[in-house]
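Scroll down for the structure; my scribbles are underneath it.
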Amino acid sequence: MAPKIEGIDNESGEDSSNGSSTSRRPIKSTEEYRKRRERNNQAVKKSRMKTKMKTQQMVEKVTQLKNENEELEENIKILNKELDMLKSIFVAHAGNAHGVQVNDAELSRMLGGSPEVDEGASLLMSLSQAPPHNLA
């Protein structure tokens, strides 16, 4: 048998005070109602705090990942420039070592036409085509 709640008839589910049909909720002025409300309020506060903490952690993680992504993109740019420069050095060296002449236009076409690489390739080409210095 279900426990009796003050003001509610357990058998019929009707309010014993006025005879109208209501749910099995306690009357607002009872101690049981106040205890239930307090427990509910505490549960709501706990739930909201937990949600707020999760949201804050997610925002921090997004910020961290954005910063890491920017650093990685910067590293990619630096490494691409380094790769382009190494390609230009290799092409210039390979051309000189084997008697193959590569002009600036061919070198730029091979390296993708980056302005920084074009400038570096031109410099290397001019240095590689200059007569060797005699140290004697």
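For the sequence shown, full-length UniProt numbering assigns the number 1 to the initial residue and increments by one for each residue that follows. Built from N, CA and C at the ideal position, the CB exists for glycine as well.
Is it buried or exposed, residue i, if we count other Cβ atoms within 10 angstroms and call 16 or more buried?
i	result
Leu-79	exposed
Ser-47	exposed
Ala-92	buried
How big is the Cα-Cα spacing for residue i and residue j?
i	j	result
Ser-21	Met-53	Residue confidence for Ser-21 is low, a pLDDT of 48 falling below 50, so the modelled location carries little weight; the figure read from the coordinates is stated next. In a straight line, the C-alpha of Ser-21 is about 43 Å away from that of Met-53.
Gln-42	Glu-32	15 Å
Leu-72	Lys-50	33 Å
Asn-67	Val-59	12 Å
Lys-28	Lys-35	11 Å
Lys-45	Gln-57	18 Å
Ile-76	Leu-83	10 Å
Asn-69	Phe-90	31 Å
Leu-86	Thr-55	46 Å
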